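Novice:
2 protein chains.
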Amino acid sequence: MSDHAGPAPHRPSKGERTRARIIDSASELFARSGFHAVSLRDIAARAGLTHAGLLHHFPGKDALLMEVLRRRDRLDAHAVFPGVVLPGAPEAAPEAAPGQRLRLLVRLIGRNSETPGLVALYAKLSAEATDPEHPAHSYFKERYRILRAELTVLIAAAQAEAGSAGQGDPAAAATQLLALMDGLQTQWLLEPESLSMEELVRDFLRRFGLDPDSGAGAPGVSS
Amino acid sequence: MSDHAGPAPHRPSKGERTRARIIDSASELFARSGFHAVSLRDIAARAGLTHAGLLHHFPGKDALLMEVLRRRDRLDAHAVFPGVVLPGAPEAAPEAAPGQRLRLLVRLIGRNSETPGLVALYAKLSAEATDPEHPAHSYFKERYRILRAELTVLIAAAQAEAGSAGQGDPAAAATQLLALMDGLQTQWLLEPESLSMEELVRDFLRRFGLDPDSGAGAPGVSS
DNA sequence: GTCTATATCGCGATAGAC
DNA sequence: GTCTATCGCGATATAGAC
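These protein sequence lines map, in sequence, to chains A and C. For the first sequence, the working numbering gives the first residue as 535, with consecutive numbering after it. For the second sequence, the working numbering gives the first residue as 535, with consecutive numbering after it.
(1) Which of the three DSSP states, helix, strand or coil, is assigned to Thr686/C?
(2) So, Ala670/A versus Ile689/A, is the Cβ gap smaller than 8 Å?
(3) Give a yes or no on contact between the region 587 to 597 of chain C and the region 650 to 665 of chain C, applying the rule of three or more CB pairs nearer than 8 Å.
(4) Output, in chain order, the set of chain A residues within a Cβ distance shorter than 9 Å of Lys658/C.
(5) List, in order along the chain, the chain C residues whose C-beta lies closer than 7 Å to that of Leu723/A?
(6) Just mark Gly549/C as buried or exposed, buried being the case when its beta carbon has 16 or more other beta carbons within 10 Å.
(7) Taking 8 Å as the cut-off, does the region 591 to 604 of chain A touch the region 553 to 561 of chain A (at least 3 CB pairs, one atom from each stretch)?
(8) Consider the Cβ of Arg741/A: report whether some Cβ of chain C lies at a distance smaller than 8 Å.
(9) Under 8 Å, with one C-beta from each stretch per pair, do the region 695 to 706 of chain A and the region 699 to 706 of chain C reach the 3-pair mark?
(10) Could you check if Leu685/A is buried or exposed, using at least 16 other CB atoms within 10 Å of its CB as the buried criterion?
(11) Where does the unbroken alpha helix (DSSP H) through Ala579/C begin, and where does it stop?
(12) Label Arg551/A either buried or exposed according to how many other C-beta atoms from any shown protein chain fall within 10 Å of its C-beta, with 16 as the threshold for buried.
(13) Run through DSSP, which three-state label would Ser547/A get?
(14) Can you tell me which of the three DSSP states Ala661/A falls into?
(15) If contact means a Cβ-Cβ distance below 9 Å, which residues of the region 566 to 588 of chain C contact chain A?
(16) CA-CA distance, Pro753/A and Gly644/A?
(17) Checking 8 Å against the spacing of the C-beta atoms, do Gln719/C and Val653/C come in under that value?
(18) Name, going along the chain, the residues of the region 672 to 684 of chain C whose beta-carbon falls closer than 7 Å to a beta-carbon of chain A.
(19) Answer yes or no: does any C-beta atom of chain C fall closer than 8 Å to that of Thr720/A?
(20) Strictly under 8 Å for the Cβ-Cβ distance: is Thr649/C near chain A by that measure?
(21) Taking any Cβ of chain A, which residues in the region 698 to 714 of chain C have a Cβ under 7 Å from it, in chain order?
(22) Can you tell which of Asp610/C, Pro666/C, Leu655/C, Glu648/C has its C-alpha closest to the C-alpha of Arg635/C?
(23) According to DSSP, is Arg641/C helix, strand or coil?
(24) Using the three-state DSSP reduction, which class does Gln719/C fall into: helix, strand or coil?
(25) Does DSSP put Arg741/A in a helix, a strand or coil?
(26) Using a Cβ-Cβ cut-off of 7 Å (strictly less than) and excluding sequence neighbours within five positions of Val614/A, which residues of its own chain qualify?
(27) Given Gln693/C, which residues of its chain have a CB within under 6 Å of its CB, disregarding the five upstream and five downstream residues?
(28) So that I know if they touch, is there some Cβ in chain C lying closer than 8 Å to that of Ala670/A?
(29) So, for Leu681/A: in the same chain, excluding its five sequence neighbours on each side, which residues have a beta-carbon less than 7 Å away from its beta-carbon?
(30) Put Pro624/A into one of helix, strand or coil per three-state DSSP.
(31) Taking only beta carbons into account, state which residues of the region 724 to 737 of chain C come closer than 7 Å to chain A, listed in chain order.
(32) Would you report the Cα separation of Gly717/C and Ala597/C, rounded to the nearest angstrom?
(33) When the Cα of Gly651/C is compared with those of Ile556/C, Ser567/C, His544/C, Asp737/C, which residue comes out closest?
(34) Could you list the residues in the region 600 to 614 of chain A with a C-beta less than 8 Å from some C-beta on chain C, going in chain order?
(35) Using DSSP with H/G/I as helix, E/B as strand and the rest coil, what is Gly530/C?
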């Protein structure tokens with residue numbers, strides 16, 4: 535009984551807890567100010583150590599960034615795509631009706647509006663990562679490739695379900711939908727009152743023969 | 535006759551030529567590597583002076599950035615919107631048929647594909663400028679506001695011209711179109727072969743009752 | 001294995017000589 | 001109008017204390 539067994543399958547060591555604390559700090563600071571604007575010293579200070587101490591847990595700022603990205607993507611993607619979705623994601627099996635999943639996607643947009651910092655981080659990063667030399671370049675490349683593929687089958691299925699197949703190429707719609715969501719985020723971040731991302735995405739989906747629940751059905755998204 | 539009169543209305547002084555050379559250098563380097571990755575020393579070296587010399591012409595890096603942006607925007611915007619378009623732009627008067635102007639817009643997308651560096655610069659900057667503290671924040675805010683407004687009347691006019699008015703809210707279409715173009719650029723920059731920006735934009739426009747010339751009409755965009 | 005202290009580098013920016 | 005010299009700052013790398 536010298537070591538009291540915890541309910542978790544694997545009690546975290548001190549190093550692992552420090553590591554987690556660092557990722558938390560980095561997430562918050564990256565989300566608030568972007569990647570380049572945050573220093574390792576800032577992150578380390580918030581996690582309660584010096585920047586050199588931090589560098590014992592991660593080889594560099596880039597590697598830390600990747601951890602932050604992977605963690606967030608795993609969480610979000612799981613909400614819409616139950617299966618394998620992103621480079622480091624674990625397997626999974628469950629399924630849901632296509633229309634329902636599209637509704638979840640639109641809902642997710644609303645939920646993201648509550649964390650503008652993270653939205654901004656992704657907007658900045660996906661633009662930065664455009665540079666082939668950027669540490670997250672291939673990560674984002676694969677991210678979009680997978681998202682396009684998943685969205686394509688999702689849209690095709692939803693069109694079939696809605697009896698509106700043939701109203702447009704699902705692959706084109708997927709690419710456009712992704713682009714639309716990204717672009718709307720930029721405009722929304724610049725001036726939040728200037729548009730409703732959810733409404734504009736729904737409007738877009740309708741033009742592809744999909745009517746993702748006009749929102750009147752579940753107005754209580756608030757909390 | 536000691537000073538031979540040039541044909542221009544206003545022969546540039548040495549300082550003005552240096553200034554122009556600096557803006558050229560900054561444009562090229564920003565376009566290639568983004569804002570943060572380029573130093574004033576890099577820009578100055580390329581323009582043939584030291585970074586301190588450069589700072590004699592511009593109060594700081596931010597101010598230089600704004601000059602680069604303004605110049606590029608003035609050039610591009612003029613192609614589609616003959617009138618006043620952006621914060622620092624001069625007045626102008628000429629007009630053209632809405633459908634023709636929409637076609638110019640789509641054409642501009644193709645032209646931009648020839649300078650991926652500049653496309654990347656705008657993608658990075660509009661994301662960076664999302665931060666209220668960013669030097670270009672209010673510039674981009676107004677940029678989008680004006681572009682949305684101009685695109686709204688352009689789309690409305692084009693719908694009227696095409697006899698397809700009422701096929702969708704022009705204001706929503708304008709916001710979506712802007713977002714779509716921005717988002718497509720990100721995906722295109724990450725993986726140029728993965729999509730055709732022009733084709734996807736045309737497809738989008740068709741869904742709003744606009745059919746901007748399928749491109750077969752004027753294939754000679756090359757040179 | 002975990003962390004601190006120290007050193008070096010390049011950056012944007014300023015002051016003052018020429 | 002342009003230079004040299006210098007400042008303070010942040011990123012990064014290494015040595016070694018605990």
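Where is the CB? At the ideal position from N, CA and C, for every residue including glycine. Small disclaimer: the values here were computed from a predicted structure and weren't measured.
Specialist: Quick look at the numbers:
(1) helix
(2) no
(3) Inter-segment contact for the region 587 to 597 of chain C and the region 650 to 665 of chain C is absent: fewer than three beta-carbon pairs are separated by less than 8 Å.
(4) Those are Lys658, Ala661, Glu662, Thr664, Asp665, listed as they occur along chain A.
(5) Thr664
(6) exposed
(7) yes
(8) Yes, Arg741/A lies at the interface with chain C (some Cβ there is under 8 Å from its Cβ).
(9) These segments do not touch.
(10) By the 10 Å Cβ count, Leu685/A comes out buried.
(11) 574 to 581
(12) Counting Cβ neighbours within 10 Å, Arg551/A comes out exposed, since fewer than 16 surround it.
(13) In the displayed model, Ser547/A falls within coil according to three-state DSSP, outside both helix and strand.
(14) Look at Ala661/A here: in three-state DSSP terms it is helix.
(15) Here the close residues are Ser567, Gly568, His570, Ala571.
(16) Confidence at Pro753/A is low in this model, with a pLDDT of 45, below 50, so the placement of that residue should be treated as unreliable; the coordinate-derived value is given next. Distance between the alpha carbons of Pro753/A and Gly644/A: 12 Å.
(17) yes
(18) Phe674, Lys675, Tyr678
(19) yes
(20) no
(21) Ala706, Thr709, Gln710, Leu712, Ala713, Leu714
(22) Asp610/C
(23) Note: Arg641/C maps to helix in three-state DSSP.
(24) Looking at Gln719/C - three-state DSSP - the assignment turns out to be helix.
(25) Looking at Arg741/A - three-state DSSP - the assignment turns out to be coil, as it is neither helix nor strand.
(26) Arg635, Leu638, Leu639, Leu642
(27) Beyond the five residues adjoining it in sequence on each side, Gln693/C comes within less than 6 Å, by CB distance, of Ala699, Gly743 in the same chain, given in chain order.
(28) no
(29) Correct list, in chain order: Leu712.
(30) With a pLDDT of 42 at Pro624/A, under the threshold of 50, the modelled position of this residue cannot be trusted, and the question is left open.
(31) For the region 724 to 737 of chain C, which is checked against every Cβ of chain A, the residues closer than 7 Å are Leu724, Glu725, Leu729, Leu734, Asp737.
(32) 27 Å
(33) Ser567/C
(34) Sequence-ordered contacts of the region 600 to 614 of chain A with chain C are nonexistent [C-beta pairs closer than 8 Å].
(35) Outside the shown range of chain C, which is 535 to 757, sits residue 530/C, and nothing can be said about it.
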